[in-house]
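2 protein chains.
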Amino acid sequence: MRCYHICKLPGRVMGIRVLRFSLVVILVLLLVAGALTALLPTVKEDKMLMLRREIKSRGKSTLDSFTLIMQTYNRTDLLLKLLNHYQAVPNLHKVIVVWNNIGEKAPDELWNSLGPHPIPVIFKQQTANRMRNRLQGFPELETNAVLMVDDDTLISTPDLVFAFSVWQQFPDQIVGFVPRKHVPTSSGIYSYGSFEMQAPGSGNGDQYSMVLIGASFFNSKYLELFQRQPAAVHALIDDTQNCDDIAMNFIIAKHIGKTSGIFVKPVNMDNLEKETNSGYSGMWHRAEHALQRSYCINKLVNIYDSMPLKYSNIMISQFGFPYANYKRKM
Amino acid sequence: MRCYHICKLPGRVMGIRVLRFSLVVILVLLLVAGALTALLPTVKEDKMLMLRREIKSRGKSTLDSFTLIMQTYNRTDLLLKLLNHYQAVPNLHKVIVVWNNIGEKAPDELWNSLGPHPIPVIFKQQTANRMRNRLQGFPELETNAVLMVDDDTLISTPDLVFAFSVWQQFPDQIVGFVPRKHVPTSSGIYSYGSFEMQAPGSGNGDQYSMVLIGASFFNSKYLELFQRQPAAVHALIDDTQNCDDIAMNFIIAKHIGKTSGIFVKPVNMDNLEKETNSGYSGMWHRAEHALQRSYCINKLVNIYDSMPLKYSNIMISQFGFPYANYKRKM
Chain A
1 MRCYHICKLP
11 GRVMGIRVLR
21 FSLVVILVLL
31 LVAGALTALL
41 PTVKEDKMLM
51 LRREIKSRGK
61 STLDSFTLIM
71 QTYNRTDLLL
81 KLLNHYQAVP
91 NLHKVIVVWN
101 NIGEKAPDEL
111 WNSLGPHPIP
121 VIFKQQTANR
131 MRNRLQGFPE
141 LETNAVLMVD
151 DDTLISTPDL
161 VFAFSVWQQF
171 PDQIVGFVPR
181 KHVPTSSGIY
191 SYGSFEMQAP
201 GSGNGDQYSM
211 VLIGASFFNS
221 KYLELFQRQP
231 AAVHALIDDT
241 QNCDDIAMNF
251 IIAKHIGKTS
261 GIFVKPVNMD
271 NLEKETNSGY
281 SGMWHRAEHA
291 LQRSYCINKL
301 VNIYDSMPLK
311 YSNIMISQFG
321 FPYANYKRKM
Chain B
1 MRCYHICKLP
11 GRVMGIRVLR
21 FSLVVILVLL
31 LVAGALTALL
41 PTVKEDKMLM
51 LRREIKSRGK
61 STLDSFTLIM
71 QTYNRTDLLL
81 KLLNHYQAVP
91 NLHKVIVVWN
101 NIGEKAPDEL
111 WNSLGPHPIP
121 VIFKQQTANR
131 MRNRLQGFPE
141 LETNAVLMVD
151 DDTLISTPDL
161 VFAFSVWQQF
171 PDQIVGFVPR
181 KHVPTSSGIY
191 SYGSFEMQAP
201 GSGNGDQYSM
211 VLIGASFFNS
221 KYLELFQRQP
231 AAVHALIDDT
241 QNCDDIAMNF
251 IIAKHIGKTS
261 GIFVKPVNMD
271 NLEKETNSGY
281 SGMWHRAEHA
291 LQRSYCINKL
301 VNIYDSMPLK
311 YSNIMISQFG
321 FPYANYKRKM
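Just so you know, the protein sequences line up as chains A and B, in that order.
Throughout the first sequence, residue numbering follows UniProt numbering, covering 1 to 330 in sequence.
Throughout the second sequence, residue numbering follows UniProt numbering, covering 1 to 330 in sequence.
This is the structure in structure tokens:
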């Protein structure tokens, strides 16, 4: 009898009951899921860990990509050749070309006519041909990292990929391919030099105290830091049309209280200046260039009333690249 | 009249006044000095900075020196030869020899008869010949750093001096000369290997995820950390008489949440096992040795319910040693 009564009812009543039951089940499941989410442990991450996870999860986000800043003067043939190379480097977000050819139009049209390009390239026309133009705060710059390269320097992609990964582990230092040092003398006057100069202190090997910015990765906030420096520093760079990189090393060493940079030994890095048709051969060929560098060091010590540069003898290479580079030579 | 009155008084009264005046002046100066001291800025130092300053100021203190722990079994001729080398390494505080020759007296008398020695050497007689004896907490150990070396391994002094300086910059990691890696396979089973094994992931070069402790510097508190590990870990090492170094890398990677070690490329490191008269050739010659290492990795993943090892491709060398090692090969 009951069955007849129930069976007579159309699917609608049964349907409603099933529907209600389903809704209740779903609601309960949602509540349980919500409760479980609330119970998940809050992960306490430090900055580096967060950086690494961002890197893994966000592809080419502004945390795991970098902006190439390349200043150029009178070597447009080299510039365009280099842009063709750098535009395809992994993790590159954007290129900012600091166009120091005053009065001459930047090659935007030529660039666009030869598109499409993997990433945006911005040509920033400058009002005066200043060395420190490349250290401005660029509104177009979105990434935490800057790759700064001179307009005659070709750095291989494996070198860049590796050095960027090293910078990500040491984001407060200049991670680059060209080490230099200051040398103290008994008179208290400093000299600027490269490998061949007397290494300070005793012990084996050599030391460096600067990593030149013209082939390096560094934190983009250091551009703002540079802007905030005493006018005397900017004036020194303008007077010499030199030493912006020495100044940056002073500023960063002073800021972080340790050595300003880490040297990564390049596997494949070349200077293309001999290949330019412009006849222009770069600032470092000026007769007074090296002496100016020593001059700048002593002027900066004077301005900051201290010698903040610190020595390091850490040389980083990529394990296993070139193949078997960890093996000893027989 | 006044003068006469005053002049008549003996030096005593004038003396008292001068005395009082002097005391007041001294008190005032002390108060001012005290106030100035209170006003001095409190220097907020991070651990590394403190470490560096300690290093500069305290000579061979327990912050800037290390303890050599060398475990030995059946190779006393090599041991003594090596001790003659290591005893003179700069910044060495003390040597602890873990004497695994059960029933055989340690060569204390011989050692003492050939004194004086630059540093103390303690021979610790063991009750059983266990691989993990060298990972005990030794009461004689006073330094923050341990240098752990196998009793057949000769590491040159420049290599040690440099690697120690690197450890001081990365005191939470194993800084050593022998890199190894774990290799994941599609089955989820791991394998243990050296350079020749397939590098995980894409890109150039190789990776390592372990730095073997038998030629390395690490923080002495990791010995306590090892003692606190699950009994299953100790049992694994006892069963295999192997893998204490793999376990240490697991433990440290898990503890610090990043790669357990940093590889420093040795310039001059040799294995002397062929030179022993004992006929004993070391554990790694056992047929099952390499397979045991893979076995240990998978057992440890099981025990810890995770794979904490992390890859790195950072290879550190000493800038300028050997001479001009920063130059590219032509």
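We put the CB at the ideal spot given by N, CA and C, even for glycine.
All values reported here derive from a predicted model rather than from experimental measurement.
If distances are taken between C-alpha atoms only, which option among the options comes closest to residue i?
| i | options | result |
| --- | --- | --- |
| N249/A | G282/A, A106/A and R293/A | R293/A |
| C243/B | P266/B, W284/B and F217/B | W284/B |
| V264/B | G176/B, F218/B and L83/B | G176/B |
| S187/B | L68/B, N298/B and A287/B | N298/B |
| N133/B | N325/B, S260/B and Q227/B | Q227/B |
| Y311/B | E142/B, A232/B and G261/B | G261/B |
| K105/B | S281/B, D64/B, T76/B and Q87/B | T76/B |
| L110/B | L83/B, Q136/B and S281/B | L83/B |
| I316/B | Y222/B, F164/B and L141/B | F164/B |
| P120/B | R286/B, Q136/B, V95/B and L80/B | V95/B |
| S65/B | L92/B, P179/B, H85/B and N74/B | L92/B |
| L289/A | N268/A, G193/A and F217/A | First, the amino acid is wrong: residue 289/A is His here, not Leu. That would be G193/A, whose Cα lies nearest to the Cα of H289/A. |
| N313/B | N129/A, V161/A and D305/A | V161/A |
| Y280/A | Q173/A, L79/A and L114/A | L79/A |
| I174/A | I189/A, F195/A and K221/A | K221/A |
| residue 334/B | F123/B, D159/B, V146/B and L31/B | Lying outside 1 to 330, the shown extent of chain B, residue 334/B is not represented and no answer is given. |
Counting only Cβ pairs nearer than 8 Å, list the residues of chain B close to residue i.
| i | result |
| --- | --- |
| V166/A | I314 |
| F321/A | N204, G205, D206 and N313 |
| A235/A | Result: empty, since nearest Cβ-Cβ is about 31 Å, beyond 8 Å. |
| A199/A | G320 |
| F66/A | Here the premise fails: no neighbours, minimum Cβ distance about 17 Å. |
Under three-state DSSP, which class holds residue i?
| i | result |
| --- | --- |
| V149/A | strand |
| F170/B | coil |
| A247/B | helix |
| G34/A | helix |
| V301/B | helix |
| A128/B | coil |
| N219/A | strand |
| M307/A | coil |
| F164/A | helix |
| S65/B | coil |
| residue 339/B | Outside the modelled stretch of chain B, which goes from 1 to 330, sits residue 339/B, for which no answer is possible. |
| M197/B | coil |
| G176/B | strand |
| residue 339/A | Residue 339/A falls outside the range modelled here, since chain A spans only 1 to 330, and no answer is possible. |
| S294/A | helix |
| E318/B | Just to set this straight, residue 318/B is Gln in the shown sequence, not Glu. Strand at Q318/B. |
| V28/A | helix |
| I252/A | helix |
| E140/A | coil |
| T276/B | coil |
For residue i, collect the residues of the same chain with a Cβ closer than 8 Å to its Cβ; drop the 5 residues on either side in sequence, then sort them by chain order.
| i | result |
| --- | --- |
| D245/A | M210, L212, I213 and G214 |
| D239/B | none |
| H117/B | Q87 and W111 |
| S191/B | H182, V183, T185, M197, S294 and I297 |
Checking the sheet assignment: what are the DSSP bridge partners for residue i?
| i | result |
| --- | --- |
| Y192/A | H182/A |
| Y208/B | S312/B |
| M269/B | I155/B |
| I122/A | I96/A |
Cβ closer than 7 Å: which chain A residues qualify as neighbours of residue i?
| i | result |
| --- | --- |
| P158/B | N204 |
| F177/B | Within chain A, no residue comes near F177/B; the closest Cβ sits about 10 Å away, beyond 7 Å. |
Name the chain B residues that come within less than 9 Å of residue i, Cβ to Cβ?
| i | result |
| --- | --- |
| Q125/A | By Cβ distance, chain B contributes nothing, its closest Cβ being about 37 Å from Q125/A, past 9 Å. |
| A88/A | The premise fails here: A88/A is roughly 15 Å from chain B at the closest Cβ pair, so nothing lies under 9 Å. |
Cβ closer than 7 Å: which chain B residues qualify as neighbours of residue i?
| i | result |
| --- | --- |
| residue 351/A | Since the first residue of chain A shown is 1 and the last is 330, residue 351/A is not available in this structure. |
| L317/A | It is Ser, not Leu, that sits at residue 317/A in the sequence shown. Those within 7 Å of S317/A in chain B are M315 and S317. |
| A253/A | Going along chain B, no residue has its Cβ under 7 Å from A253/A, so there is no contact; the nearest lies around 14 Å. |
| F217/A | Those within 7 Å of F217/A in chain B number zero; the least Cβ separation is about 15 Å. |
| K265/A | Y326 |
| F226/A | Those within 7 Å of F226/A in chain B number zero; the least Cβ separation is about 24 Å. |
Could you name the residues of the same chain whose beta carbon sits closer than 7 Å to that of residue i, not counting the 5 residues immediately before and after it, in chain order?
| i | result |
| --- | --- |
| D270/B | L154 |
| G282/B | D152 and E273 |
| Q318/B | F162 |
Keeping to the same chain, check which residues put their C-beta closer than 6 Å to that of residue i; ignore five residues upstream and five downstream.
| i | result |
| --- | --- |
| A199/A | D206 and Q207 |
| F138/A | I96 |
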